[in-house]
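**Q** Residue numbers (this note's numbering), protein chains in the order written: chain A, 5 to 261; chain B, -19 to 269; chain C, 4 to 295. First the structure, which I've put down as structure tokens, then a few questions once you've had a look.
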Amino acid sequence: MTILQVQNLVKEFDGIKAVDDISFEIEKNSICALLGPNGSGKTTVFNLISGYLKPERGKIFFNGKEITLLSPHKIAKLGIGRTFQNIRLFLQISVLDNVMLGFKYEKGDKFFSALFQTKRMKKEEKENLFKAEEILKFVGLIDKKYELAENLSHGQRKLLELARILAREPKLFLLDEPFAGLFPETKKTMVDLIRKLKEGGKTILFIEHDINSVMGLAEKVIVLNYGKKIAEGKPEEVRNNKEVLNVYLGKKYEQNP
Amino acid sequence: MDYLIHILIITGIYTILTLSLNLIVGFTGLPALGHIAFACIGAYTSSLLALNFGISPWIGLFIGAILAGFFGMVIGFPSLRLKGDYFALATFGLGIIVYSIVKNWVSLTRGPMGLPGIPHFSLFGYEISSGWSYLILVLTFVLLTYLAIRNITNSPFGRILKGIREDEIATLAMGKNVNKYKLIVFVVGAFFAGIAGSLYAHYITFIDPSSFTVMESFTVLLMVVFGGMGSLKGSFVGVLILVVFPELLRFLGMPNSIAAPLRQMIYGLLLIILMIWRPQGLLGKFKFK
Amino acid sequence: MIQQLFLNGIIAGSIYTLIALGFTIIYRTVKFFHFAHGVVFAAGAYFAYTFFILFNINPFISFLLSISLASLLGIAIDRFVYYPLRKNKAPNLVYLIASFGVFIFIQNLLQLIFGAQILTLRTGPIKEGYHIFGAVVTDIQILIILVSFILFLLTYLFIQKSKLGKAIRAVSDDPIGARIVGINSEKIILIAFALGSAIAGLAGILISLETNIEPTMGFHAILKGITASIIGGIGSIPGALLGGFFLGLAENLSIWKIQARWKDAIAFAILIIFLLLKPSGIMGIKTKKEEI
Chain A
5 MTILQVQNLV KEFDGIKAVD DISFEIEKNS ICALLGPNGS GKTTVFNLIS GYLKPERGKI
65 FFNGKEITLL SPHKIAKLGI GRTFQNIRLF LQISVLDNVM LGFKYEKGDK FFSALFQTKR
125 MKKEEKENLF KAEEILKFVG LIDKKYELAE NLSHGQRKLL ELARILAREP KLFLLDEPFA
185 GLFPETKKTM VDLIRKLKEG GKTILFIEHD INSVMGLAEK VIVLNYGKKI AEGKPEEVRN
245 NKEVLNVYLG KKYEQNP
Chain B
-19 MDYLIHILII TGIYTILTLS LNLIVGFTGL PALGHIAFAC IGAYTSSLLA LNFGISPWIG
41 LFIGAILAGF FGMVIGFPSL RLKGDYFALA TFGLGIIVYS IVKNWVSLTR GPMGLPGIPH
101 FSLFGYEISS GWSYLILVLT FVLLTYLAIR NITNSPFGRI LKGIREDEIA TLAMGKNVNK
161 YKLIVFVVGA FFAGIAGSLY AHYITFIDPS SFTVMESFTV LLMVVFGGMG SLKGSFVGVL
221 ILVVFPELLR FLGMPNSIAA PLRQMIYGLL LIILMIWRPQ GLLGKFKFK
Chain C
4 MIQQLFLNGI IAGSIYTLIA LGFTIIYRTV KFFHFAHGVV FAAGAYFAYT FFILFNINPF
64 ISFLLSISLA SLLGIAIDRF VYYPLRKNKA PNLVYLIASF GVFIFIQNLL QLIFGAQILT
124 LRTGPIKEGY HIFGAVVTDI QILIILVSFI LFLLTYLFIQ KSKLGKAIRA VSDDPIGARI
184 VGINSEKIIL IAFALGSAIA GLAGILISLE TNIEPTMGFH AILKGITASI IGGIGSIPGA
244 LLGGFFLGLA ENLSIWKIQA RWKDAIAFAI LIIFLLLKPS GIMGIKTKKE EI
């Protein structure tokens, strides 16, 4: 069953096509990778899917529903959770508060609930605090719960960003370079977490540079170059694709295979 | 002693203004200039209702605050789409437009001549004009404002405001309608500023546009930044220091023609020093982004 | 009647252009709203008053001294206030608020020294103006219009053709790239402040020949200057001219239908409209968008 459908997406900036007629589908409960060199349009595709950019042409469907022109917060509410290439944490507040900001409240986060400090607000807050701690335990950040997010190391920040979208319980995870800058141990933690998410029925699409990193994790990879899709398929197949190799290793490979 | 009570009343009114602006600037990170326009609307509404229609100041205060809140929506709705210094500029310009309208719509507001003879509040036939009785009135509203804003900020709603301050884009990704929250906070801040304006009007019993200039907006902004961005206690401390300290100048026997610009010079200098050395203010924890 | 309004619009437009010109040169290099520019404008007028009226110094020398001092004032503001902020890598908003602080400080300092009363640079009676096309224009007004056009041309040519001008544009468009090719951005910023502030001082002196000197003159000046810059396109030199005259004409021609005292409100209404509908201004200058 297809959870995400991207059809003929085109996005232009000042006349340059950052995304040039891209189409692909993501199967539910799969782990897929979006690959390509810097500037190939990967993050732009994420921004289009999550609603921060509107395409010049093309459509995006999530669970059969068209989401192309919806605003980012509405798309987030529908069940798509994303992280950002440059890590966007709420730096001057605590780790715990960062996660708490992910949760959906019934009425607890309304203005009048706050003004009158209603029982419902307190009840939902308590429940979410408990859930937040569970999530922090899951990613291994529970000891840092009162720490300000800006005091975390790079690897911890990446884990926190993941923890935050876990609070949203999304059906589709869009992770922008989840392994960038991580030490091997943290990277392994991240890979394990992604696998656990799949076991829990979730779908993950993540951006990566390096095709070797995705071996063994991604079931399908989509390769972009200069805004166009140049390959799609299982990692082993795509790895040997001539055009993909050209992109990554240059023309030299053609002469000396 | 009377003088001390007068200072405390003025401090109280500024505290309400500062708390209300702190909600917008300090907690939500919206650089709103021109906040005094809302106090102006509250003051003039309350006064005109009392003078022209004999409406009780209690009701006038409430209507004035509602109207101020309404203008918060009118001004906020278009401005909040703008970012950073453009938003600051827009709110600044809109604040001046309000001032200009109040100054020039002479048939409604008597323009620069102002509104004299504004009636006092009265309770059970007893007139609350000055001194202890007015101080208690003002402090009551200060307490109400403090409790309201404390509740608002110490809650899931308040947490979302902080999220907006830290990173709007990430807050959107959390499924929160950022524009809606910004607008609510802007309206609420305007509402309380309106209350402060009415309290001022029914105390001094005379208002004119010169009490609601851009400089006043800067003064309130300074109080927010100085006391501490996102710190309610800081607002109390900041206002107290910034109101009391210049009064000491007057005690040194300085004529007003020197004391007035000197006071402003100190305010200006403080803004500069704060921005360079401690942008989060005395008790604040958050810095501008 | 309308010819006079049109002429008044041109005169106002000339002054706004001068203010916007200096403001724009500075904005190009520092990329924030140097609000205190308004008070440099006022200081220019007060300096001229001090030298010419108080100390009776030869007008030409007074003029040169005043412009130099205004230029120095602008440089001092940058060194003492903005430079520390650059070292702290402060966000734009902090610069703006600090700039307000400088403005408030200097405007009140001027009031402290010179008092709140209205002063003038004029020593004799006002000379009668010439009648042209049904409107009356004085010597000084002609001077203002000429100076603003000449200065606009000089500034435009300087920015486009001269080596320093190109360096300013480099720092403006790509600060990192500029540093890589060896341009000292601090030096460029200094020059921008020197130049922009000198023009502000000049504008202040010109306007005081035409109207009066009072402590809040800087406030109105900078608000019109920023409005003109945004209308024309922030950071654009031709934009400063277009915006300045657009504002001057719109303000004054509207008096034909609306009473004169609403002029300020109209100017700010125009600012708001441009901020909301066309923030890139007439010249269509795109502001940097946040990267997601």
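Just so it is clear, CB atoms sit at the ideal spot from N, CA and C, and this is done for glycine as well.
(1) Have a look at LEU24/C, ALA138/C, LYS90/C and LEU278/C and flag the residue whose alpha-carbon is nearest the alpha-carbon of ILE234/C.
(2) Using a beta-carbon distance below 8 Å, is GLU227/B in contact with chain A?
(3) Would you mind stating whether SER59/B and PHE67/B have Cβ atoms separated by less than 8 Å?
(4) Could you tell me which residues DSSP pairs with PHE177/A in its beta bridges?
(5) I'd like to know whether the C-beta of LYS213/B is nearer than 8 Å to at least one C-beta of chain A.
(6) With a threshold of 8 Å between beta carbons, is ASN245/A in contact with chain C?
(7) Less than 8 Å between the C-beta atoms of PHE54/C and SER71/C, yes or no?
(8) Can you tell me whether ASP2/A is helix, strand or coil according to DSSP?
(9) I need the straight-line Cα distance from GLN6/C to TRP259/C, nearest angstrom please.
(10) What's the gap between the Cα of LYS192/A and the Cα of GLY218/B?
(11) Can you tell me the Cα-Cα spacing of LYS255/A and GLN9/A, whole angstroms?
(12) According to DSSP, is GLU263/A helix, strand or coil?
(13) Give me the Cα-Cα distance between VAL23/A and LEU249/A, rounded to the nearest whole angstrom.
(14) Using the rule of at least 16 other Cβ atoms within 10 Å of the residue's Cβ for burial, across every protein chain shown, is TYR257/A buried or exposed?
(15) Does the Cβ-Cβ distance between PHE198/B and PHE103/C come in under 8 Å?
(16) What is the rounded straight-line gap between the Cα of GLY251/C and the Cα of GLY127/C?
(17) Got a sec: is the Cβ-Cβ distance from ASN51/A to anything in chain C below 8 Å?
(18) So what's ASN131/B in DSSP terms, helix, strand or just coil?
(19) What are the boundary residues of the alpha helix (DSSP H) that includes ASP25/A?
(20) In three-state DSSP terms, what is ARG61/A?
(21) Going along chain B, which residues have a C-beta under 9 Å from ALA118/A?
(22) Going straight from the alpha carbon of GLY214/B to that of LEU251/B, what length do you get?
(23) Taking only beta carbons into account, state which residues of the segment 34 to 68 of chain A come closer than 8 Å to chain C, listed in chain order.
(24) Please name the residue, chosen from ILE60/C, ILE216/C, SER151/C and ASP81/C, that lies closest to VAL33/C on a Cα-to-Cα basis.
(25) Residues of the segment 215 to 232 of chain C with a CB closer than 7 Å to any CB of chain A: list them in chain order, please.
(26) Specify the secondary structure class of ASN102/A as computed by DSSP and reduced to three states.
(27) Whose C-alpha, out of LEU212/C, ALA270/C, GLY242/C and ILE153/C, is nearest the C-alpha of LEU255/C?
(28) How would you label ASN264/A, buried or exposed, when you count the other beta carbons within 10 angstroms and need 16 or more for buried?
(29) Thinking C-beta only, is ILE186/C closer than 8 Å to ALA201/C?
(30) Can you list the residues of chain B that ARG264/C reaches, using a CB-CB cut of under 7 Å?
(31) Under a CB-based cut-off of 8 Å, is PRO96/B close to chain C?
(32) Given that ALA128/B touches chain A, what residues does it touch there, using C-beta distances under 8 Å?
(33) Taking only beta carbons into account, state which residues of the segment 187 to 200 of chain B come closer than 8 Å to chain C, listed in chain order.
(34) Apart from the five residues just before and just after LYS162/B, which ones in its own chain have a Cβ nearer than 8 Å to its Cβ?
(35) ALA15/C: buried (16+ other C-beta within 10 angstroms of its C-beta) or exposed?
**A** So, to answer that:
(1) LEU278/C
(2) Answer no: the Cβ-Cβ gap between GLU227/B and chain A never drops below 8 Å.
(3) yes
(4) GLY85/A and ILE208/A
(5) Chain A contact via Cβ: absent.
(6) no
(7) It is not a contact, given that the beta carbons lie outside the stated cut-off.
(8) For chain A, the structure presents residues 5 to 261; residue 2/A sits outside this window and is missing.
(9) Spanning the two alpha carbons is a distance of roughly 11 Å.
(10) When only Cα atoms are considered, LYS192/A and GLY218/B end up about 50 Å apart.
(11) With a pLDDT of 49 at LYS255/A, under the threshold of 50, the modelled position of that residue is not reliable, and the figure given next carries that caveat. Going by the C-alpha atoms only, they are around 33 Å apart.
(12) Beyond the ends of chain A as shown, which are 5 and 261, falls residue 263/A; an answer cannot be given.
(13) 21 Å
(14) Because the pLDDT at TYR257/A is just 48, under 50, the model does not fix this residue reliably, and the value given afterwards should be weighed accordingly. So TYR257/A counts as exposed.
(15) yes
(16) If you draw a straight line from the Cα of GLY251/C to the Cα of GLY127/C, it comes to about 28 Å.
(17) yes
(18) helix
(19) Taken as a continuous stretch (DSSP letters only), ASP25/A belongs to no alpha helix (DSSP H), being part of the beta strand (DSSP E) at 20 to 31.
(20) strand
(21) Within 9 Å Cβ-Cβ: ASN131, ILE132, THR133, ASN134, SER135, PRO136, PHE137 and GLY138.
(22) Note on geometry: alpha-carbon atoms of GLY214/B and LEU251/B lie some 16 Å from one another.
(23) THR47, ASN51, TYR56 and LEU57
(24) ASP81/C
(25) none
(26) helix
(27) It should be noted that the sequence gives Asn, not Leu, for residue 255/C. Here the closest residue by C-alpha is ALA270/C.
(28) Beyond the ends of chain A as shown, which are 5 and 261, falls residue 264/A; an answer cannot be given.
(29) no
(30) ASN84
(31) no
(32) LEU119
(33) VAL194, MET195 and PHE198
(34) THR8, LEU10, GLY56, LEU60 and ILE144
(35) buried
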